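Protein chains in written order, with the numbering used here: chain A, 71 to 423; chain B, 1189 to 1530.
Reviewing the structure listed below.
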Amino acid sequence: MRKPNIMTVIFIVLSLIGLGFSGLSPFFVLNEVIIRFIRDGVLVLALIIPVTAGMGLNFAITVGAIAAQVGFLLVLDWQIGGLTGLLLVTAIGTVLSLAFGALIGVCLNKVRGKEMITTIIIGFLATSIYQFIFMIGFGTFLKPHNLEIMLSRGIGIRNMVDLDSYRNIIDKLWLIHIGQVTIPLFMILIVIIFSLILRYILNTRIGMQFKAVGESKRRTEILGLDSDRIRIKAMIFSTLLACFGQIIFLQNIGMLNVYTAHLNSDIFSCAALLAGGATIKKASIKNAFLGIFLFHTLFIVSPQAGQNIFANVALGEYFRSFVAYGTIAFALVLNIRETELNPAALTAKTGRK
Amino acid sequence: MKKFIRPPQIIILVFLAVLTITAIYLHIPLNAMFGDSLVRLVMNGVLVLSLLPMLNAGIGLNFGLPVGVVAGLLGMCLAVNYHQTGWFGLAAAMLFSAMIAVVFGYLYALLLNKVKGREEIAATFVGFSFVSLMCLFWSVAPFNNPAMLWPIGGKGMRLTVGLKDYFGKVLNNTWQFNILGIKISLGLLLFFFLLCFLVYLIYKTKIGRAMIAVGENEDFARLSGINVNRVRTLSVIFSTVLGALGICVYAQSYGFLELYTAPLMMAFPAASAILIGGSTGGKTTIGQVVLGGYLYQAIYVISGPVANQLLMPEFAEIIRMLATNLIILYALLYGEGLRKNA
Chain A
71 MRKPNIMTVI FIVLSLIGLG FSGLSPFFVL NEVIIRFIRD GVLVLALIIP
121 VTAGMGLNFA ITVGAIAAQV GFLLVLDWQI GGLTGLLLVT AIGTVLSLAF
171 GALIGVCLNK VRGKEMITTI IIGFLATSIY QFIFMIGFGT FLKPHNLEIM
221 LSRGIGIRNM VDLDSYRNII DKLWLIHIGQ VTIPLFMILI VIIFSLILRY
271 ILNTRIGMQF KAVGESKRRT EILGLDSDRI RIKAMIFSTL LACFGQIIFL
321 QNIGMLNVYT AHLNSDIFSC AALLAGGATI KKASIKNAFL GIFLFHTLFI
371 VSPQAGQNIF ANVALGEYFR SFVAYGTIAF ALVLNIRETE LNPAALTAKT
421 GRK
Chain B
1189 MKKFIRPPQI IILVFLAVLT ITAIYLHIPL NAMFGDSLVR LVMNGVLVLS
1239 LLPMLNAGIG LNFGLPVGVV AGLLGMCLAV NYHQTGWFGL AAAMLFSAMI
1289 AVVFGYLYAL LLNKVKGREE IAATFVGFSF VSLMCLFWSV APFNNPAMLW
1339 PIGGKGMRLT VGLKDYFGKV LNNTWQFNIL GIKISLGLLL FFFLLCFLVY
1389 LIYKTKIGRA MIAVGENEDF ARLSGINVNR VRTLSVIFST VLGALGICVY
1439 AQSYGFLELY TAPLMMAFPA ASAILIGGST GGKTTIGQVV LGGYLYQAIY
1489 VISGPVANQL LMPEFAEIIR MLATNLIILY ALLYGEGLRK NA
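Here it is, written out as structure tokens:
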């Protein structure tokens, strides 16, 4: 494992080139990356368990994100602000994520070998249902209590709602300034605590079961494990983490783009994880954290670098989305091929019915 | 067509019935809509048809349809750039598109042959990343017809390019007539059915049969001396070329070229349409393409005016996306799926 991962190397090189050409101060970039680390950290962590359990990248973390947004919208509708509101959001999100996670797990057990494409479609479907409920349902078959978040026609919630009353409750705790760098120690600790919990889970019995299921079906059978149940548990954990991740993300931004905030959480999180050296078969917390730093450094510097190299800001923007999609495409093609060449994995594959 | 009625069809038929009854109740004229639905069938039909070769070769739903679409956009840009107009313009655009699609399709096939058994997910992201790569290209594209470039600065392509002065609506306006208030573009319909017939004929040839054989049982095909990878490559090229022609038909009917991120999500409605027609992710017939394409577009045409009458314009789009994704998910969960015998 000492061999450096090709994806990581590419990201380091691109980030350095971008940083050089962008002319941005390294302190500015570092501050921005720290903010992104807090916002996206837990979302990226949410991907690790499904990868470990051999289910590939879970693009359905958008469903967890939706659970968080439903929590926020309901609490806003009931007009409960402050810390109570935030705790209630977490409670609603948790309940929904447990249910959704189990449902996704059941679906994925029917499509062994095609989990990733299925999670993408599940994500799209969940988005449609979510939009249907909040754009059409509110004001027709659901009674709104808070008219401030409604569109003026009385049906549907506005495109953007303010989360001001939840902002800065936990964000501004324990701020430390070192030179030009601001470190929100409390929030960083929260992300690190989540990663420690995840590590603990991966080392307990259930974590070992995830690994066994991920390695091969035969090994699972020898150990007498019910792989369907374990895979459902993996999806529940992933969805729950994604929900917490999105709550942290949204309270940090302080605004909720009701219909779009969750849309790219899957793509960006997956790309970040892969940038950190993970594959669709193996991912660690180290990969997640390194990946967030590399991916977001590139993300922050590329528009300005595009402006300075080609006199065109749009180029940098397009380059960013190309990097995100391209990273995933590259990893998929590379990994699937390796799986084909690896006889152990092949036995596992043909072992399915 | 054994057992046509399964959950996807039930979803769509119930949906269509509810919409039609609502439309009648709201006094929305149905005969105009019938004409529109025929136009939209062809407009999107070739894109739906383009999924067929890959399905038949057992490569699954072509979520990498944007690769073909981009080839078509490039071909049309070339035609517009050289000021080709009318019938000749459309023919030139299609010829350019097809040629580019052969190259793209070949490269795309090389990639897909490396990810056997997981083509759908790989294709999705190959499509996504190709579209975003092409965004970079569009913003520096070396075309020089000012109608396609940003008016200020004169560099980079516009988001949409009007085709009115080139070959917009050429097919739509051919042999158009009115019957009982229904506008029918005979030229457009003839073109579509001719293309369908052509595809049908191709599957009657030796190579066409080889394609189906590979899709049905790859090992058996290999044993009977078929070069499986070559046949798969041909199928992918075939799909890509049809996708490129599909976007030409779509754009001439719509009247605009949509560049940049427009092709990103085009694969999903097409996939949903072919599944509605009764395909289950394996071998698919032309009849299923036409039927599915028509039902999908009928819903598109009716849901718009109904949603507007109900004063909820978003309703149509949301409901359509809901149905689209529900049907694809159903097919993944319960369909024949990819390569049972890989």
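Every residue gets a Cβ at the ideal spot worked out from N, C-alpha and C, and that includes glycine.
Fair warning: this is a prediction, and the values are worked out from it, not measured in the lab.
So the beta strand (DSSP E) residue i belongs to, where does it begin and stop?
i, result
"Met1399 (chain B)", "Met1399 (chain B) -> not in any beta strand (DSSP E); alpha helix (DSSP H) instead, spanning 1394-1404."
"Ser167 (chain A)", "Careful: Ser167 (chain A) lies outside any beta strand (DSSP E), inside the alpha helix (DSSP H) at 152-179."
"Ser1373 (chain B)", "1370-1373"
"Ile248 (chain A)", "245-248"
"Phe1444 (chain B)", "1444-1446"
"Pro1330 (chain B)", "Looking at the DSSP string, Pro1330 (chain B) is not in any beta strand (DSSP E), and its letter there is neither H nor E."
"Ile1490 (chain B)", "Note, Ile1490 (chain B): premise wrong, no beta strand (DSSP E); alpha helix (DSSP H) at 1474-1497."
"Pro254 (chain A)", "251-254"
"Met1531 (chain B)", "Here chain B has residues from 1189 to 1530 only, and residue 1531 (chain B) is not among them."
"Val1349 (chain B)", "1348-1350"
"Val1268 (chain B)", "That residue, Val1268 (chain B), is in no beta strand (DSSP E); its alpha helix (DSSP H) goes 1253-1269."
"Met1509 (chain B)", "Met1509 (chain B) -> not in any beta strand (DSSP E); alpha helix (DSSP H) instead, spanning 1502-1522."
"Met125 (chain A)", "Where Met125 (chain A) is concerned, there is no enclosing beta strand (DSSP E), given that its DSSP letter is neither H nor E."
"Leu75 (chain A)", "It is worth fixing the name first, because residue 75 (chain A) is Asn in this sequence and not Leu. No beta strand (DSSP E) contains Asn75 (chain A), which DSSP labels as neither H nor E."
"Ile231 (chain A)", "Residue 231 (chain A) is actually Val in this sequence, not Ile. That run of the beta strand (DSSP E) goes 230-232."
Which residues bound the alpha helix (DSSP H) around residue i?
i, result
"Phe280 (chain A)", "275-285"
"Met1336 (chain B)", "No alpha helix (DSSP H) contains Met1336 (chain B), which DSSP labels as neither H nor E."
"Ile119 (chain A)", "118-122"
"Asn378 (chain A)", "355-380"
Go ahead and label residue i buried or exposed: buried means 16 or more other beta carbons lie within 10 angstroms of its beta carbon, across all protein chains shown.
i, result
"Met1189 (chain B)", "Note that Met1189 (chain B) scores 44 on pLDDT, short of 50, meaning its location in the model is unreliable and no value can be drawn from it."
"Thr1428 (chain B)", "buried"
"Ser92 (chain A)", "buried"
"Asp147 (chain A)", "buried"
"Ile1438 (chain B)", "A small fix is needed here, since residue 1438 (chain B) is Tyr in this sequence, not Ile. Buried."
"Pro1334 (chain B)", "exposed"
"Leu86 (chain A)", "exposed"
"Met278 (chain A)", "exposed"
"Leu84 (chain A)", "buried"
"Trp244 (chain A)", "exposed"
"Thr417 (chain A)", "Caution applies to Thr417 (chain A), whose pLDDT of 42 falls short of 50 and renders its modelled position unreliable; the model cannot decide the point."
"Arg1306 (chain B)", "buried"
"Ala1519 (chain B)", "buried"
"Thr188 (chain A)", "buried"
"Ala161 (chain A)", "exposed"
Answer yes or no: do residue i and residue j have a C-beta to C-beta separation smaller than 7 Å?
i, j, result
"Gly1260 (chain B)", "Ser1285 (chain B)", "yes"
"Ala353 (chain A)", "Val121 (chain A)", "yes"
"Ile350 (chain A)", "Asn273 (chain A)", "no"
"Asn1360 (chain B)", "Leu1377 (chain B)", "no"
"Arg301 (chain A)", "Gly134 (chain A)", "no"
"Val159 (chain A)", "Phe142 (chain A)", "yes"
"Ile1309 (chain B)", "Met305 (chain A)", "no"
"Asn1301 (chain B)", "Arg1420 (chain B)", "yes"
"Ile1288 (chain B)", "Leu1324 (chain B)", "no"
"Ile1370 (chain B)", "Asn1219 (chain B)", "yes"
"Pro214 (chain A)", "Met220 (chain A)", "yes"
"Cys1436 (chain B)", "Ala1281 (chain B)", "yes"
At the 7 Å Cβ level, is residue i part of the contact set with chain D, yes or no?
i, result
"Phe1503 (chain B)", "Included in the structure are the protein chains A and B, with no chain D among them."
If the cut is a Cβ gap below 9 Å, which residues of chain A does residue i touch?
i, result
"Met1345 (chain B)", "Those within 9 Å of Met1345 (chain B) in chain A number zero; the least Cβ separation is about 11 Å."
"Phe1203 (chain B)", "Here the premise fails: no neighbours, minimum Cβ distance about 13 Å."
For residue i, go through chain A and note every residue whose CB falls closer than 7 Å to its CB, in chain order.
i, result
"Met1454 (chain B)", "Chain A residues near Met1454 (chain B): none, gap ~14 Å exceeds 7 Å."
"Ala1245 (chain B)", "Under the 7 Å cutoff, chain A gives no residues; its nearest Cβ is about 17 Å from Ala1245 (chain B)."
"Leu1463 (chain B)", "Ordered by position in chain A, no residue passes the 7 Å Cβ test against Leu1463 (chain B), which lies about 12 Å from the chain."
"Ser1148 (chain B)", "No statement about residue 1148 (chain B) is possible, as the shown extent of chain B runs from 1189 to 1530 and does not include it."
At a CB-CB cut-off below 8 Å, which residues of chain B make contact with residue i?
i, result
"Val383 (chain A)", "Near Val383 (chain A) there are no residues of chain B at all, since even the closest Cβ is about 10 Å away, more than 8 Å."
Below 8 Å on C-beta distance, what does residue i contact in chain A?
i, result
"Asn1301 (chain B)", "Ordered by position in chain A, no residue passes the 8 Å Cβ test against Asn1301 (chain B), which lies about 10 Å from the chain."
"Ala1310 (chain B)", "Ala399, Leu402, Val403, Ile406"
At a threshold of 6 Å, does residue i count as lining the ligand PLP (C-beta to nearest heavy atom)?
i, result
"Leu1430 (chain B)", "What this structure holds is no ligand at all, so the ligand PLP is not there to describe."
Could you list which residues in chain B have their beta carbon closer than 7 Å to that of residue i, in chain order?
i, result
"Ser198 (chain A)", "Ile1506, Met1509, Leu1510, Asn1513"
"Gln201 (chain A)", "Ile1506"
"Tyr395 (chain A)", "Phe1313, Phe1316, Ser1317, Ser1320"
"Phe389 (chain A)", "Leu1324"
"Val181 (chain A)", "Leu1520, Leu1521"
Mind pulling the chain B residues with CB within less than 9 Å of residue i?
i, result
"Met205 (chain A)", "Met1500, Glu1502, Phe1503, Ile1506"
For the structure I just gave you, are there three or more beta carbon pairs, one from the stretch 320-337 of chain A and one from the stretch 219-229 of chain A, closer than 8 Å? yes
Are three or more beta carbon pairs between the stretch 254-264 of chain A and the stretch 106-113 of chain A nearer than 8 Å? yes
At least three beta-carbon pairs within less than 8 Å, the stretch 1247-1260 of chain B to the stretch 1289-1309 of chain B: yes
Contact the stretch 1503-1518 of chain B vs the stretch 1448-1458 of chain B: 3+ CB pairs below 8 Å: yes
Spell out a yes or no on whether the stretch 1227-1243 of chain B and the stretch 1485-1493 of chain B are touching, meaning 3 or more CB-CB pairs, one atom from each, closer than 8 Å. yes
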